[in-house]
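These notes concern the structure reproduced below.
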């Protein structure tokens with residue numbers, strides 16, 4: 110069928126009008142969304158703090174706990190929905206504008222080839238052009254207003270969801286209403302190394318509220334201790350507890366005879382308890398008889414080393430005088446803070462990273478080996494990705510709002526061994542190291558990808574896009590399968606190998622912060638709405654679920670045939686690692702806790718909101 114040029118022009122005109130009208134509607138909706146956001150917040154953000162205050166007065170009120178969880182869930186859904194609306198509306202508006210421009214260009218091109226119009230038509234055409242100019246001016250104004258409104262709406266939502274909950278780091282009395290070991294993100298890299306600064310000899314007292322030990326001052330020389338020859342073996346790594354979630358970062362501890370019964374408030378099976386001077390959400394790491402944690406506030410960023418057997422503070426080191434470090438502290442949320450990432454050690458040195466982007470390496474006696482700043486993470490929560498070591502390389506997941514990267518620093522010098530840019534969005538997850546049988550891989554989760562990399566070179570080995578949102582949980586791994594999940598996204602089981610593929614998907618149990626644990630053909634998931642579930646690792650089929658009273662931000666850890674999971678109230682629920690639900694017991698710490706338990710020598714070490722505990726029998 111032949112269509113005349115005039116008919117094609119008329120069709121193009123209709124398309125241009127419809128597309129332009131559609132774009133204007135989207136522009137008006139974006140402006141209206143901004144007005145609504147300013148006038149009508151989806152949830153009164155004063156509600157949750159009020160409920161939390163009431164809960165502090167009645168900590169056993171389960172109705173209040175349910176209300177808080179419900180309001181928190183509504184707030185998060187409102188945030189993600191509004192952000193989706195802004196993004197989608199902007200894309201549709203631009204699509205309408207592009208179609209209109211293309212149609213108009215066709216019309217102008219076609220009309221130029223037509224015969225000249227007579228004088229009367231010219232007058233009419235001039236009138237139309239004048240009218241069209243005003244339409245273009247008004248339309249352009251609406252588009253500009255829509256873009257400004259979309260930008261302001263997005264920022265307003267971030268203020269609503271994040272900044273209103275920011276606690277000034279200068280306020281030592283601030284008590285977070287939620288906790289997370291790894292909820293943060295990374296930054297831009299500065300390749301300069303700071304000049305080494307040695308720490309002074311430290312004299313410190315031990316605080317022992319329960320089962321008091323003799324309080325004595327401990328002085329440690331700053332001279333470097335003799336370094337172990339060569340790199341640690343896998344057996345040495347497993348015999349200690351060098352990283353977040355154990356020797357491979359997957360939540361499996363090789364320790365035996367682990368305790369199952371304690372009470373922090375009453376002192377039952379509390380071997381020692383010490384107050385950590387500065388707050389932090391880093392879980393402990395252990396090498397030999399030394400236990401390490403970090404803490405920070407607006408005044409200082411600290412590394413603490415304790416005697417594992419007695420709880421005595423052996424030494425402390427400050428991360429200061431680091432070239433490139435910011436003069437002021439970045440804003441962080443209360444549930445992340447300035448010291449969220451867990452440290453790492455290879456038995457020769459210990460390594461820490463803070464929300465400022467400062468990385469510090471210390472020998473086992475506390476003497477600084479090197480320090481550098483990677484750039485302050487562009488992050489609205491704070492940096493939370495924990496460290497892990499492969500041979501002589503310190504691996505750092507550094508996914509920020511501006512860029513994503515995986516970095517490897519030389520453990521002896523701090524220089525960059527390699528750096529791999531990642532096609533990813535901001536995340537707060539931590540890397541894990543797994544031996545697949547044919548090779549060792551470092552595996553990362555983020556939005557939208559789950560990636561495997563060669564830890565020696567940084568080369569990407571595989572990539573599967575399957576996640577969305579703000580990814581906090583790290584990956585789980587067992588028997589050639591990787592498990593990745595995120596709240597408001599999905600849970601996936603990925604078979605890795607020559608051609609990685611998603612074997613199964615589920616959307617019923619989705620963690621926000623807590624990382625999956627895979628062991629003995631079972632997969633354990635802990636959620637922020639207080640549900641702990643066990644699934645079949647091969648199929649995703651549910652074996653059991655159990656609802657507890659509080660949210661989970663810590664990650665489940667397997668030890669000695671048992672799975673330990675600590676809720677935010679400080680209760681550790683201990684179950685047998687079987688497909689049938691068998692509760693061994695529930696032990697209370699006596700204070701809030703968001704860090705994961707650590708196991709060594711038949712004892713469990715657990716960091717609460719204020720204190721560090723050694724739990725077990727003598």
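Numbering (the numbering used here), first residue to last: 110 to 727.
The beta carbon of each residue, even a glycine, is placed where N, CA and C say it ideally should be.
Only a predicted model underlies this, so the values are computations on that prediction, with no experimental measurement involved.
Query	Result
Test item: CB-CB of residue 619 and residue 596 under 9 Å	yes
Other residues of its chain near residue 669: CB distance less than 7 Å, five sequence neighbours each side excluded	364, 365, 366 and 367
Same chain only: Cβ atoms within 6 Å of residue 534, ignoring 5 sequence neighbours per side	556
The stretch 423-443 / the stretch 478-490 touching (three or more Cβ pairs under 8 Å)	yes
Backbone secondary structure at residue 618 - three-state DSSP	coil
Cβ-based neighbour list, residue 353, same chain, cut-off 7 Å, excluding 5 preceding and 5 following	392, 451, 495 and 539
Close-in-space but distant-in-sequence residues of the same chain around residue 584 (CB under 6 Å, 5 per side omitted)	541, 552, 554, 591 and 593
Anticipated Cβ contact below 8 Å, residue 724 with residue 379, distance rounded	6 Å
C-beta contact flag for residue 587 and residue 359 at 9 Å	yes
Inter-residue Cα distance where the pair is residue 438 and residue 466	11 Å
Residue 122 in three-state terms, based on DSSP	helix
C-alpha distance - residue 575 paired with residue 217, whole-angstrom precision	45 Å
Residue 372 (DSSP reduced to helix, strand or coil)	strand
Expected contact under 8 Å - CB spacing of residue 705 and residue 370 to nearest Å	Going by Cβ atoms, the distance from residue 705 to residue 370 rounds to 19 Å, so no, they are not a contact pair.
DSSP three-state assignment for residue 498, whether helix, strand or coil	strand
Beta carbon of residue 474 nearer than 9 Å to that of residue 396	no
Per DSSP, the bridge partner or partners of residue 628	631
In DSSP terms, what residue 728 is bridged to	Within the shown structure, residues of the chain are numbered from 110 to 727, placing residue 728 beyond reach of any answer.
Run of the alpha helix (DSSP H) containing residue 347, from where it starts to where it stops	343-348
Close-in-space but distant-in-sequence residues of the same chain around residue 650 (CB under 8 Å, 5 per side omitted)	644
Rounded separation between residue 715 and residue 566 - CA only	35 Å
Beta-carbon proximity of residue 453 to residue 719, cut-off 9 Å	no
6 Å Cβ shell around residue 132 - same chain, five flanking residues per side excluded	202, 205 and 206
Test item: CB-CB of residue 455 and residue 505 under 9 Å	no
Cβ pair residue 412, residue 459 closer than 9 Å	yes
Given residue 577 as reference, the closest of 608, 159, 621 and 675 once Cα atoms are compared	621
Residues near residue 601 in its chain [Cβ-Cβ closer than 6 Å; skip 5 each side]	575, 593, 611 and 614
Bridge partners - residue 725, DSSP secondary structure assignment	DSSP lists no partner for residue 725.
For residue 602, the first and last residue of its enclosing beta strand (DSSP E)	600-604
Which of helix, strand or coil DSSP assigns to residue 116	helix
Cross-strand partners of residue 559 (DSSP beta bridge)	554 and 573
Environment of residue 357 [buried if 16+ CB atoms lie within 10 Å]	buried
Pair within 9 Å by beta-carbon distance, residue 525 and residue 490	no
Distance cut-off 8 Å: residue 579 Cβ against heavy atoms of the ligand GTP	For the ligand GTP, the structure offers nothing, since it holds no ligand at all.
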